[in-house]
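Have a look at the structure below before the remarks.
Numbering (this note's numbering), first residue to last: 635 to 751.
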């Protein structure tokens with residue numbers, strides 16, 4: 635009997651950076667077929683504030699569902715320091731992340747972002 639081998643699904647990703655974004659900033663959207671999403675920040679700066687709240691959201695008509703908030707702190711510890719958040723089993727759809735929702739007057743700079751989904 636001859637079987638057909640299917641290669642494993644390849645994860646998709648995109649990279650970017652943030653410069654002086656305000657609380658509530660929304661990233662670009664991406665289409666996810668479901669599974670796990672990982673967001674990694676490298677080299678973060680926000681003045682004296684040393685954390686960033688990163689929340690995965692699903693782009694829908696009406697209020698966008700929100701998933702758990704990851705608190706990124708390690709990325710503030712130097713130019714090669716990273717913080718990573720992982721969200722699993724959130725279904726297919728269009729997604730984005732928001733930073734520091736509800737924060738007041740805090741700007742955030744991130745030298746490198748990688749989103750894998």
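Using N, Cα and C, we set each Cβ at its ideal position, and we do this for glycine too.
Next on the checklist: Taking the alpha carbon of residue 672 as the reference point, which residue from 737, 735, 723 has its own alpha carbon closest?
Outcome noted: Taking the chain shown and counting its residues from 1, one reaches residue 672 at position 38. Ranking 737, 735, 723 by Cα distance to residue 672 puts 723 first.
Next on the checklist: Let's test the definition: count the other Cβ atoms within 10 Å of the Cβ of residue 717 and tell me whether it reaches 16, buried, or not, exposed.
Outcome noted: Taking the chain shown and counting its residues from 1, the one referred to as residue 717 is at position 83. Answer is buried; the Cβ neighbour count reaches 16.
Item to check | Complete alpha helix (DSSP H) runs within the region 635-707 (minimum length 4 residues, chain order) | outcome: Qualifying alpha helix (DSSP H) stretches: none in this window.
Item to check | Cβ pair residue 690, residue 648 closer than 7 Å | outcome: Indexing the chain shown from 1 puts residue 690 at position 56. Indexing the chain shown from 1 puts residue 648 at position 14. Cβ distance not < 7 Å, so residue 690 and residue 648 don't count as in contact.
Checklist entry - For the beta strand (DSSP E) that residue 731 lies in, which residues bound it at each end? => result Position 97 of the chain shown, counted from the first residue, corresponds to residue 731. Here the beta strand (DSSP E) through residue 731 covers 727-733.
Checklist entry - Leaving out the 5 sequence neighbours to the left and right, which residues in its chain are closer than 8 Å to residue 680 when beta-carbon positions are compared? => result Taking the first residue of the chain shown as 1, we reach residue 680 at position 46. Excluding residues within five positions, the ones whose Cβ falls inside 8 Å are 686, 710, 740, 741, 742, 743.
Checklist entry - With C-beta atoms as the reference, is residue 695 less than 7 Å away from residue 675? => result Residue 695 sits at position 61 when you count from the first residue of the chain shown. Residue 675 sits at position 41 when you count from the first residue of the chain shown. Cβ atoms of residue 695 and residue 675: not closer than 7 Å.
Next on the checklist: Let me make sure I understand the geometry here. Which of 746, 700, 684 has the alpha-carbon closest to that of residue 653?
Outcome noted: Reading the chain shown from its first residue, position 19 is the one you call residue 653. Nearest of 746, 700, 684 to residue 653, Cα basis: 746.
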